[in-house]
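Down below is the structure, laid out as structure tokens.
Residue numbers (full-length UniProt numbering), protein chains in the order written: chain G, 1 to 202; chain H, 1 to 97.
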């Protein structure tokens with residue numbers, strides 16, 4: 001074998017290791033859109049709270065329920081957009097959408113996220129909603145870090161940023177809303193744009 | 001000379017190198033997953049897994065998922081060590097020349 005063959009061997013090894021263990025067809029564009037949905041959702045929530053309540057949220061009030069519904073819709077639309085765009089990209093890359101790497105990615109992402117979601121719902125029913133924004137950021141960040149081993153490694157850094165923002169929100173619950181806007185809105189848009197130019201456009 | 005001796009003849013084939021690469025980063029892989037990733041035919045893949053199994057570089061487990069037989073492969077400690085040696089040797093060869 002010549003040197004050229006050894007080089008080819010090494011690059012083939014790297015390629016197979018990545019392809020077999022990581023799902024890399026995540027779409028950057030879906031991150032941008034998720035960020036925009038979050039900003040729209042936050043704007044609606046801000047408007048509702050600002051117009052109809054005097055700065056305090058009542059857990060059993062209609063405003064609170066509407067805000068929860070808006071949050072739910074933001075999450076739902078983000079997931080649907082993510083699935084649609086990622087499927088499209090996977091098809092273009094010739095990557096299987098539902099193989100062992102994407103299954104592992106999803107389960108590692110969902111475990112911290114679902115645990116966190118349930119925890120947040122439990123403390124909400126106990127009336128402790130001052131920490132909700134921070135907790136959402138922290139658990140989402142942990143989910144990203146945990147999933148990053150099975151996808152583009154870069155999402156780990158987004159995870160670290162979300163965790164940091166979450167901890168800051170825990171220290172200053174008064175800014176929870178704005179940190180949530182930064183974490184879920186602005187960071188998604190920035191990150192999605194970086195991913196889009198780094199991986200999508202080739 | 002020591003570099004050349006670390007080049008493992010058993011890995012001197014695209015499919016075998018591929019099988020080992022996949023198994024190094026995955027706890028296990030089944031026959032179909034290997035086949036898809038490597039783009040090999042059944043017979044071809046089977047002969048290479050057999051060679052690696054004989055050298056005790058990989059472990060083969062046969063089981064049933066429902067009624068379908070399923071063969072899954074994983075690396076042994078020996079296989080991992082040999083593969084690492086092989087990769088180091090490859091890298092050294094590239095840097096020397």
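Idealized CB from N, CA, C, for every residue including glycine. Everything numeric in this text was worked out from a predicted model, so none of it was measured.
1) Report the three-state DSSP secondary structure of residue 29 (chain H) (helix, strand or coil).
2) In angstroms with no decimal places, state the Cα-to-Cα distance between residue 61 (chain H) and residue 86 (chain G).
3) Could you spell out where the alpha helix (DSSP H) holding residue 104 (chain G) opens and where it closes?
4) Return the chain-ordered ranges of every alpha helix (DSSP H) run that is complete within the UniProt domain "Winged helix DNA-binding" (15-94) of chain H and spans a minimum of 4 residues.
5) Once you ignore the five residues that flank residue 8 (chain G) on each side, which residues in its own chain have a CB closer than 8 Å to its CB?
6) Could you compute how far the alpha carbon of residue 273 (chain G) sits from the alpha carbon of residue 25 (chain H)?
7) Could you tell me whether any Cβ in chain G is nearer than 8 Å to the Cβ of residue 18 (chain H)?
8) Answer with yes or no whether the minimum CB distance from residue 204 (chain G) to chain H is below 8 Å.
9) Please report the straight-line C-alpha distance between residue 25 (chain G) and residue 90 (chain G), rounded to a whole angstrom.
10) For residue 124 (chain G) and residue 140 (chain G), what's the separation of their Cα atoms in angstroms?
11) Given this structure, state the Cα-to-Cα distance separating residue 82 (chain G) from residue 73 (chain G), to the nearest angstrom.
12) If you measure beta-carbon to beta-carbon, which residues of the segment 67-94 of chain H are closer than 8 Å to chain G?
13) Using a cut-off of 9 Å between C-beta atoms, extract the partners of residue 21 (chain H) located in chain G.
14) Am I right that residue 34 (chain H) and residue 17 (chain H) are in contact with their C-beta atoms under 8 Å? What's the rounded C-beta distance?
15) Count the other C-beta atoms from every protein chain shown that fall within 10 angstroms of the C-beta of residue 118 (chain G), then say buried if there are 16 or more, exposed otherwise.
16) Establish whether the CB of residue 29 (chain H) and some CB of chain G are separated by less than 8 Å.
17) Are the Cβ atoms of residue 32 (chain G) and residue 192 (chain G) separated by less than 8 Å?
18) Going along chain H in order, which residues have a C-beta closer than 7 Å to the C-beta of residue 100 (chain G)?
19) Have a look at residue 28 (chain G) and residue 198 (chain G) and give me their C-alpha separation to the nearest angstrom.
20) Taking all protein chains shown into account, decide if residue 1 (chain G) is buried (16 or more other Cβ within 10 angstroms of its Cβ) or exposed.
21) Where residue 8 (chain H) and residue 42 (chain H) are concerned, what is the direct C-alpha to C-alpha distance, given to the nearest angstrom?
22) What alpha helix (DSSP H) runs, 4 residues minimum, are completely inside the segment 7-92 of chain G?
23) Taking Cβ-Cβ distances shorter than 9 Å, what residues in chain H pair up with residue 154 (chain G)?
24) For my contact list, residue 189 (chain G) and residue 36 (chain G) are in at a C-beta cut-off of 8 Å; report their separation, rounded to the angstrom.
Inspection of the coordinates gives the following:
1) Here residue 29 (chain H) sits in strand by DSSP.
2) 34 Å
3) 100-125
4) Listed in chain order, the complete alpha helix (DSSP H) runs (minimum 4 residues) inside the UniProt domain "Winged helix DNA-binding" (15-94) of chain H are 31-38 and 42-54.
5) none
6) For residue 273 (chain G) there is no data in the structure shown, the boundaries of chain G being 1 and 202.
7) Residue 18 (chain H) counts as touching chain G.
8) Outside the modelled stretch of chain G, which goes from 1 to 202, sits residue 204 (chain G), for which no answer is possible.
9) 5 Å
10) Taking the straight line from one Cα to the other gives about 17 Å.
11) 14 Å
12) Listed by position along the chain: 87, 90, 91, 93 and 94.
13) 12, 13, 14, 15, 16, 17 and 20
14) Incorrect: roughly 12 Å between the Cβ atoms, too far for contact.
15) exposed
16) Contacts with chain G at 8 Å (Cβ-Cβ) include residue 29 (chain H).
17) yes
18) 33
19) 9 Å
20) Confidence is the limiting factor: at residue 1 (chain G) the pLDDT is only 49, short of 50, which leaves the residue's position unreliable, though a coordinate-based value still follows. Exposed: under 16 other Cβ atoms inside 10 Å.
21) 24 Å
22) 28-52
23) None at all; the shortest Cβ gap to chain H is about 18 Å.
24) 7 Å
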